[in-house]
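Q: Below is one structure. I have some questions about it.
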């Protein structure tokens, strides 16, 4: 059976009861400090969303900054507009009124038709300012100016002959013209929307929790790869003795030819002393002597080189370097 989805709730007991009834596992407590501690311990087992109201509590702002990094999102209802909300990544601020059906899509679930989805959280009304203290300054009442009294008018003297007084005849009054009174238009009748039959109420549907993810399984050790081929020990090869090779005797004419051991020299044919002489310097006397000595040594003879030129110094040693 899949486990219930987990959600943390702080400062919203009506939402906590509704979500628990729907099928959520709710992590909450009565006070802010106790609820924050319980949610922090539960987050160490795995992330889940957290819902909270704006609380004027010590440590609330640092908790708001740290919670989005450990949870699947922090949804903050601005119930108390006087609390300052910091700008943090992963924080969603909701302005009341907010219902349970408004929160369910944010948590990854569809809205429900049950009355529990209509539970609403409203913002706390701001306290009214205290009445202003009565001012000690009272305005002076304005005095009514006296009305001017008309000056007395002297009455005319009465004539001796009363019949001599001409009476003023009032002018004829002009006929009164009737004033035309415009009748105010009658107000338009108020618009009455037609009655729409109410849609049938569907039976309450409860949230079906999503299947829990499979637990993490450590990868098994990978077996060592098999070699592409099996080495075969080398096959012993038969040992063959090479047949003796008969060297042919060769003869070479020339001064610098190297004789071979098969060269037929007689005892009386070998020279014991070879002298290289020249009456002029720089004509390769030393070089010629050394080449003769090298050829004789290669032939297996014992050679001694004697430099008889007293003016040359160490010419033989220099040439042998």
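Numbering (my numbering), first residue to last: 4 to 324.
Think of the CB as a built atom: it goes at the ideal place given N, C-alpha and C, for glycine as much as any other residue.
Since this is a predicted model, take the numbers as computed values, not measurements.
Hey, quick one: how far does the alpha helix (DSSP H) through residue 25 stretch, first residue to last?
A: The count along the chain shown starts at 1 and reaches residue 25 at position 22. From DSSP, the alpha helix (DSSP H) with residue 25 extends over 16 to 25.
Q: Between residue 279 and the rest of its own chain, which residues show a CB-CB distance below 6 Å, the 5 nearest in sequence each way excluded?
A: Position 276 of the chain shown, counting from 1, holds the residue named residue 279. In its chain, beyond the 5 residues on either side, 288, 291 and 292 have a beta carbon closer than 6 Å to the beta carbon of residue 279.
Q: Decide if residue 101 is buried, meaning its Cβ has at least 16 other Cβ atoms within 10 Å, or exposed.
A: As a first step, residue 101 is located in the chain shown; it is residue number 98 there, counting from the start. Classified as buried, residue 101 has 16 or more neighbouring CB atoms from the shown chains inside 10 Å of its CB.
Q: Which one or two residues does DSSP pair with residue 12 in a beta bridge?
A: By one-based count along the chain shown, residue 12 stands at place 9. Per DSSP, 54.
Q: Across the stretch 77 to 90 and the stretch 34 to 49, are there enough close Cβ pairs to call them in contact, namely three or more that are closer than 8 Å?
A: no
Q: So which of 247, 22 and 224 has the shortest CA-CA distance to residue 107?
A: Locating residue 107 in the chain shown gives position 104, counting from the first residue. Its Cα nearest to that of residue 107, the residue 22 stands out among 247, 22 and 224.
Q: Out of curiosity, what's the CA-to-CA distance linking residue 240 and residue 229?
A: Numbered from its first residue, the chain shown carries residue 240 at position 237. Numbered from its first residue, the chain shown carries residue 229 at position 226. Computed Cα separation, rounded: 30 Å.
Q: Is DSSP giving residue 80 helix, strand or coil here?
A: As a working mapping, residue 80 is identified with position 77 in the chain shown. Assigned with DSSP and collapsed to three states, residue 80 falls in strand.
Q: Buried or exposed: which applies to residue 304, given that a residue is buried once 16 or more other Cβ atoms fall within 10 Å of its Cβ?
A: On the chain shown, position 301 is the one that residue 304 refers to. Exposed is the call here.
Q: In three-state terms, what does DSSP make of residue 102?
A: For the purposes of this step, residue 102 is taken as residue 99 along the chain shown, with counting starting at 1. In the structure shown, residue 102 sits in a strand (DSSP, three-state: E or B).
Q: Could you tell me which residues DSSP pairs with residue 97 in its beta bridges?
A: Looking up residue 97 in the chain shown gives position 94. In DSSP, residue 97 forms a bridge with 80.
Q: On the DSSP bridge list, what partners appear for residue 30?
A: By 1-based counting over the chain shown, the position of residue 30 is 27. Paired residue(s): 11.
Q: When the Cα of residue 296 is compared with those of 284, 285 and 309, which residue comes out closest?
A: Your numbering for residue 296 matches position 293 in the chain shown. Nearest C-alpha to residue 296: 309.
Q: With residue 293 as the anchor, note down where its alpha helix (DSSP H) starts and where it stops.
A: By one-based count along the chain shown, residue 293 stands at place 290. Run containing residue 293: 288 to 301, per the alpha helix (DSSP H) assignment.
Q: What distance in whole Å lies between the Cβ atoms of residue 38 and residue 13, which are believed to be in contact at a cut-off of 8 Å?
A: The residue you call residue 13 lines up with position 10 of the chain shown. The residue you call residue 38 lines up with position 35 of the chain shown. Right, their Cβ atoms sit about 5 Å apart.
Q: Measuring alpha carbon to alpha carbon, tell me which residue in 207, 11 and 216 is nearest residue 28.
A: Taking the first residue of the chain shown as 1, we reach residue 28 at position 25. The shortest Cα separation from residue 28 among 207, 11 and 216 belongs to 11.
Q: Once the 5 residues before and after residue 74 are set aside, which same chain residues still bring their CB inside 7 Å of it?
A: By 1-based counting over the chain shown, the position of residue 74 is 71. Once the five neighbours on either side are set aside, the close Cβ partners of residue 74 are 46, 50, 51, 52 and 53.
Q: Taking the alpha-carbon positions, what's the residue 41 to residue 220 distance?
A: The residue you call residue 41 lines up with position 38 of the chain shown. The residue you call residue 220 lines up with position 217 of the chain shown. C-alpha separation (whole angstroms): 28 Å.
Q: Please check the pair residue 34 and residue 212, which I expect to be a contact at CB under 8 Å, by giving their CB distance rounded to whole angstroms.
A: Reading the chain shown from its first residue, position 31 is the one you call residue 34. Reading the chain shown from its first residue, position 209 is the one you call residue 212. Actually they do not touch by this definition, with Cβ atoms about 29 Å apart.
Q: Given that a residue counts as buried once 16 or more other Cβ atoms are within 10 Å of its Cβ, and exposed if not, what is residue 113?
A: On the chain shown, residue 113 is found 110 positions in, with the first residue counted as 1. With a threshold of 16 other beta carbon atoms within 10 Å, residue 113 falls short and is exposed.
Q: Assuming contact is defined by CB atoms lying nearer than 8 Å, are residue 119 and residue 25 in contact in what I supplied?
A: By 1-based counting over the chain shown, the position of residue 119 is 116. By 1-based counting over the chain shown, the position of residue 25 is 22. Yes; because the gap between Cβ atoms is below 8 Å, this pair is in contact.
Q: Give me the DSSP bridge partner(s) of residue 124.
A: Taking the first residue of the chain shown as 1, we reach residue 124 at position 121. DSSP, once it has assigned bridges, lists 101 as partnering residue 124.
Q: Return the chain-ordered list of same chain residues with a C-beta closer than 6 Å to the C-beta of residue 17, the five sequence neighbours on each side being excluded.
A: Start at 1 with the first residue of the chain shown, and residue 17 comes out as number 14. The residues are 122.
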